[in-house]
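See below for the structure under consideration.
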Amino acid sequence: MKIATPAYRKNGFKAALSLLLLLPLTACLADRKQESDAFVPEIPDSLSESMILTYPVALDGPLRNPGVGVESFHNGWGETLTEQQYPTEGIDYYRFYWDELEPQEGQYRFDTIDRLLTQNRAHTPPRMVALRFMSAATPSSGSKISQWLINKGIRGQWTGEGKTFIPDLDDSLYLEYVEKLLMAFGQRYDGNPNLSHVDIGMVGSWGEWHNSNFSDLKPLHQRYSNEELNRLVDLHFAAFPQTPKLMLISGGESLVYATGKGAGWRADCWGDWHHFSQQWSHMTHDYPHRLAQATEDDSQFPERWKSAPVSLETCGNMSEWQSTQHYSKEQVKASLDWAIEQHASTLNLKSYPIPSQYRDLLDEALLHIGYRLRVDSLLHQSEATAGHMLNLQVRMVNEGNAPPYQSYYLAFRLMNDQNEMAFLAISNHDVLSWLPGEHITNSSFSLPESLEAGYYMLELALVDRHGRAAINLANEGREPSGWYRLSSVTINEG
């Protein structure tokens, strides 16, 4: 078996050319293959001389990938930040009030969501979109449901000196229209490959499962039973059965109800060490209690991240952490470490510039937030015959803290000396649920009899359902196409 060099070829010119082409990939790897923990698969002696084992060079810095890392908030509210000010984002996060999405009965603003999906799909790699639906804001903000719905006679209460109507969440007529709204958007967007997740909203102020800013309303969890609140959870599951859904950590018993049905969870005041009080904080007092309670109610809660994402939203923003809260680097690091420990995949940093004194901490944390996939080794035949099988073994490592939660498939292609694709094969190896750690895949593909004999570069990618290279790997060798040129193979005439 050859390690990171081509096997012997009878054609001396081809052998020399292949060696030269492989040198940029292998010269930096000579030391690495000697490490005691290097992966060397067991290969029968009869095959060892005809195989190539390559260790692609790893990348060290943060990557931008769909559905993971830092979120943009409403596309930065129209302000463009440089990469020095704000990390490149994998998600664009949007919240919409009901009256924005259905200003007239049955007239849904699909064009708004369509535009966002199109804009974010144009990024390389594509950026995903996350959504939340909301029905209330503040006492003085005005009603966030349209007048046409109020005129239907739904039950509720006028607050803020008659400025804002808050619907009753146990009113069957109101729930009928909530269901129509969610089903309309679910029928159009559920399962969309560019839709990262949907928050379970429509309850409380900003869909955040509280009404503490409404002094004249009874607290939500005193006003409604768990069964009544869980009805809103069920409506989100019915409308978006395929799309990941996230439940707020402060949703009371509805948290474990939702996660037990398959939802992930989110927290929206992450990083608070004394934002509201010097004696109380979310990080010290609130989150530990809520997570302990959830685990007491559901012993599987600590494992739910393995099948559904965790997302965190800053309390304020990192600029305020520095200018107003005066958080130390130790406190910021503690927040980031907590995010990693909770297997968070995304951080909503509100699209405000990151203070320079925190940036190194954030960049280091982003190496571990969400999935980070790296090809550790690639094993394949040095030569294959047209009309016969090409066998490949890939050892990939998820260096992050969570799986991708989206389907991407391991794919291979052969590129000829004109840099044209001569062969493409998409395997059934889906990274959807790849947990942190190593994943070894074995693939065999039948080469077409018409494949011309010659020397080919072997490229690898993780592709979406349309066959497009979709993921940045933590490896060197990325081509402008998004594919990774990692090795070579000689095809003999069949």
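Using the working numbering, you'd call the opening residue of the sequence shown number 4 and step up by one each time. Just so you know, even glycine gets a beta-carbon here, dropped at the ideal spot from N, CA and C.
Ser348 counts as buried, since at least 16 other C-beta atoms from the protein chains shown sit within 10 angstroms of its C-beta. Under DSSP, the beta-bridge partners assigned to Trp268 are Met250 and Val313. Look at Glu299 here: in three-state DSSP terms it is helix. The Cβ neighbour count for Asp379, taken over all protein chains shown within 10 Å, is at least 16; the residue is labelled buried. Around Ser146, the same chain offers Thr167 and Phe168 as residues with beta carbons nearer than 6 Å, after the five sequence neighbours per side are excluded.
Only residues of its own chain outside the window of five on either side were considered, and among them Ser354 have a CB closer than 6 Å to the CB of Gly79, listed in chain order. By the beta-carbon neighbour count (other beta carbons within 10 angstroms, threshold 16), Pro142 is buried. When Cβ pairs closer than 8 Å are counted between the two stretches, the region 203-217 is seen not to touch the region 124-131, the count staying below three. Taking the C-beta atoms as reference points, His383 is found no nearer than 8 Å to Leu370.
In the DSSP assignment, the residues bridged to Ala464 are Ala414. With respect to Cys318, Gly274 sits close: the two C-beta atoms are nearer than 8 Å. Of the candidates Tyr96, Leu381, His391 and Gln87, Tyr96 places its Cα closest to the Cα of Glu316. At least 8 Å separates the beta-carbon of Tyr487 from that of Pro247. Taken through DSSP and simplified to helix, strand or coil, Phe188 comes out as helix. Only buried fits Phe136, as 16 or more other CB atoms lie within 10 angstroms of its CB. Per DSSP, the unbroken beta strand (DSSP E) holding Leu134 starts and ends at Met131 to Met137. If you ignore the 5 residues before and after Asn320, its C-beta comes within less than 7 Å of the C-beta of Leu352, Lys353 and Tyr355, all in its own chain and listed in chain order. Contact holds between the region 459-475 and the region 412-420, because three or more Cβ pairs, one in each stretch, are under 8 Å apart. Along the region 152-223, the alpha helix (DSSP H) occurs as fully enclosed runs of 4 or more residues at 175-192, listed in sequence order. Inclusion of Gly390 and Gly497 in the CB contact set at 8 Å is warranted, their separation being smaller than that value. One Cα belongs to Pro244, the other to Arg191, and the distance between them is close to 12 Å. Per the C-alpha coordinates, the member of Tyr411, Val259, Trp437 and Tyr58 positioned closest to Asp300 is Val259. Bridge pairing for Ser447: Asn394 [DSSP]. Judged by DSSP secondary structure, Val378 falls within the beta strand (DSSP E) whose first and last residues are Leu376 to Gln384.
Asn422 and Pro59 have their C-alpha atoms some 20 Å from each other. Trp101 and Leu172 have their C-alpha atoms roughly 14 Å apart. Under the three-state reduction of DSSP, Arg234 is assigned to helix. Boundaries of the beta strand (DSSP E) around Phe99: Ile94 to Tyr100. Residue Ser175 holds the alpha-carbon nearest to the alpha-carbon of Arg234 among Asp289, Ala311, Gln345 and Ser175. Around the beta carbon of Asn197, 16 or more other beta carbons sit within 10 angstroms, so the residue counts as buried. Secondary-structure assignment with DSSP links Thr493 through a beta bridge to Glu386 and Tyr458.
Annotation: the continuous alpha helix (DSSP H) that includes Leu119 extends over Phe113 to Arg124. Under the three-state reduction of DSSP, Tyr89 is assigned to coil, being neither helix nor strand.
The C-beta distance from Met399 to Phe448 rounds to 18 Å, too long to fall under 8 Å, and the pair is not in contact. Sequence-distant partners of Leu454 (beyond 5 residues in either direction) whose C-beta falls short of 7 Å from its own C-beta, in its chain, are Ala389, Ala425, Phe426 and Ile494. Put simply, of Ala242, Gln360 and Gln107 the residue whose alpha carbon is nearest the alpha carbon of Gln325 is Gln360.
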